[in-house]
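The block underneath contains the structure these notes are about, expressed in structure tokens.
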Amino acid sequence: MPSLTNRLSSDLRNISITTTRRALFLRIAAALLALITAIDVASTINQLHRRSDALGRTYPVVVARRDLPTGHKILSSDLGSMHLHSPPPNPEVRAHAIGERVDIPVLKGNVVTTRHLGASNNLLPQGTRGVRVVSNDARQLHARDVVDVFVTLDPERFSGGEPTREVISGATIIRIDRTSEGTSATLAVPLDLVPRVAFAVASGVITLASVPGISTR
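With our numbering, the residue at position 140 of the sequence shown is 140, and numbering never jumps.
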């Protein structure tokens with residue numbers, strides 16, 4: 001009987017030692033796997049950083065989240081953003097084009113530029129020039145809206161007559177931009193009135209009055 005007990009005790013000790021060794025081996029294997037994974041991840045990250053440095057700076061662009069057909073009025077859900085390692089296809093790519101209509105179709109995933117929205121300079125009517133004016137009123141307006149332009153002058157600097165004067169009537173908005181300076185509208189201004197509008201922009205506060213029922217959209 002003692003011999004059987006001793007044998008059983010010896011077997012249990014052997015099982016315990018074997019189990020301990022197996023657990024230790026598994027722990028060592030897990031630690032090695034974690035170390036190898038960490039080294040591999042770090043190497044991949046370093047390669048990505050080196051590749052990014054080699055490619056140079058990135059450029060933010062606006063992309064279409066879905067196909068945008070001609071005439072579609074752009075919604076915030078239609079646009080996304082990404083960064084390219086090459087200059088944008090158009091230097092005037094905008095992050096804000098909500099409410100404007102598509103002139104040239106854009107496929108899903110492609111960069112959206114002013115060319116697609118009909119805001120490039122080659123769409124200016126013949127005999128006009130694009131003049132940019134900053135005005136809070138532009139927040140509610142869209143490309144191709146028609147507006148009358150007024151300027152309010154400082155009475156202390158400009159005496160005589162009403163401080164608010166009409167600058168130009170029936171000007172078509174070519175584009176709307178939102179920048180750190182505020183919201184601006186680029187207007188198609190007849191060549192002979194460009195100096196008048198430029199003076200107004202430099203001299204006072206600009207007001208854009210939308211002409212109801214008139215739009216070139």
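For every residue, glycine included, the Cβ atom is placed at its ideal position computed from N, Cα and C.
**Item:** Bridge partner(s) assigned by DSSP for Thr70
**Value:** Working through the sequence shown from its first residue, we reach residue 70 at position 70. According to DSSP, Thr70 bridges with nothing at all.
**Prompt:** By DSSP, does Asp148 sit in helix, in strand, or in coil?
**Reply:** Position 148 of the sequence shown, counting from 1, holds the residue named residue 148. If DSSP states are grouped into helix, strand and coil, Asp148 belongs with the strands.
**Request:** Can you check DSSP and say which residues form a bridge with Ala185?
**Result:** Along the sequence shown, one-based indexing puts residue 185 at 185. For Ala185, which the question treats as bridged, DSSP gives the partners Val133 and Ile176.
**Request:** With a 10 Å radius around its C-beta and 16 neighbouring C-beta atoms as the bar for buried, classify Glu166 as buried or exposed.
**Result:** If you number the sequence shown from 1, residue 166 lands on position 166. Classification of Glu166: exposed, given that the 10 Å Cβ count is below 16.
**Where Val63 falls: helix, strand or coil (DSSP)** = On the sequence shown, residue 63 is found 63 positions in, with the first residue counted as 1. If DSSP states are grouped into helix, strand and coil, Val63 belongs with the strands.
**Asked** Does the Cβ of Leu107 have 16 or more other Cβ atoms within 10 Å, making it buried, or fewer, making it exposed?
**Response** If you number the sequence shown from 1, residue 107 lands on position 107. The residue is exposed, with fewer than 16 neighbouring Cβ atoms inside 10 Å.
**Request:** Drop a sphere of 10 angstroms on the beta-carbon of Gly161, count the other beta-carbons inside from all chains shown, and report buried for 16 or more, exposed for fewer.
**Result:** Position 161 of the sequence shown, counted from the first residue, corresponds to residue 161. A residue is called buried once 16 or more other Cβ atoms fall within 10 Å of its Cβ, and Gly161, having fewer, is exposed.
**Message:** The beta strand (DSSP E) that contains Ser81, what's its start and end?
**Reply:** Numbered from its first residue, the sequence shown carries residue 81 at position 81. Run containing Ser81: Leu79 to Leu84, per the beta strand (DSSP E) assignment.
**Message:** Cutting at 8 Å between CB atoms, please list the residues of its own chain near Leu141, excluding the five before and the five after it.
**Reply:** Sequence index remark: in the sequence shown, residue 141 carries index 141 (1-based). Within the same chain, Leu141 has close Cβ partners Val147, Ile173, Ile176, Ala185, Leu208 and Ser210.
**Message:** Within the continuous alpha helix (DSSP H) that includes Ala143, where are the two ends?
**Reply:** The sequence position of residue 143 within the sequence shown is 143, counting from 1. Unbroken run through Ala143: none, as it is neither H nor E.
**Message:** Which residue wins for smallest C-alpha separation from Gly127, given the options Leu68, Pro69, Asp192 and Thr183?
**Reply:** Counting from one through the sequence shown, the residue named residue 127 turns up at place 127. If we check each option's Cα against that of Gly127, Asp192 comes out closest.
**Asked** Helix or strand or just coil, what does DSSP make of Pro206?
**Response** Start at 1 with the first residue of the sequence shown, and residue 206 comes out as number 206. Per the sequence shown, the amino acid found at residue 206 is Ile instead of Pro. Residue state, collapsed to three classes: strand.
**Message:** Output needed for Asp154: all residues of its chain with C-beta closer than 7 Å, excluding positions within five of it in sequence on either side, in chain order.
**Reply:** In the sequence shown, counting from the first residue as 1, residue 154 sits at position 154. So the list reads Gly204, once near-sequence residues are dropped.
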